[in-house]
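Chemist: Take this structure first; my questions come after.
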Amino acid sequence: MALAEDIGTGDLSSDLLNNERIKASIICREKAVICGVEYSDYCFTELDSSIEIDWKINEGEEVMPGTIICQF
Numbered sequence: 051m052a053l054a055e056d057i058g059t060g061d062l063s064s065d066l067l068n069n070e071r072i073k074a075s076i077i078c079r080e081k082a083v084i085c086g087v088e089y090s091d092y093c094f095t096e097l098d099s100s101i102e103i104d105w106k107i108n109e110g111e112e113v114m115p116g117t118i119i120c121q122f
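Take 51 as the starting number for the sequence shown in the numbering used here and just add one per residue.
This is the structure:
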């Protein structure tokens, strides 16, 4: 339900890419303990079933600023 609320009638910015494949990273900005990896996988695959997520860290791992958490 939260995803439906966030997207509403659609993500207009996604129309700008013309179905192109892109690469992206999530990078930690502050010292943190990573949680919610499984939930993040679920959310991203709900938005795009073809997404490939490469997790660089594990659930519960402490990370420092600048650490790449995952790449798409």
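Where a beta carbon is used, it is the ideal one built from N, C-alpha and C, also for glycine.
Here the structure is a predicted model, which means the values were calculated and not measured.
So, at 6 angstroms on beta carbons, what are the nonlocal neighbours of residue 76 in its own chain, with the 5 sequence-adjacent residues on each side left out?
Modeler: 119, 120
Chemist: Name the DSSP beta bridge partners of residue 113, please?
Modeler: 82
Chemist: Assign residue 91 to one of three DSSP states: helix, strand, or coil.
Modeler: In the structure shown, residue 91 adopts helical secondary structure according to DSSP, grouped into three states.
Chemist: Is it the case that the Cβ atoms of residue 117 and residue 93 are separated by a distance below 8 angstroms?
Modeler: no
Chemist: For residue 105, I'd like the list of residues in its chain whose CB is within less than 8 angstroms of its CB, leaving aside the five on either flank, ordered along the chain.
Modeler: Once the five neighbours on either side are set aside, the close Cβ partners of residue 105 are 87, 119, 120.
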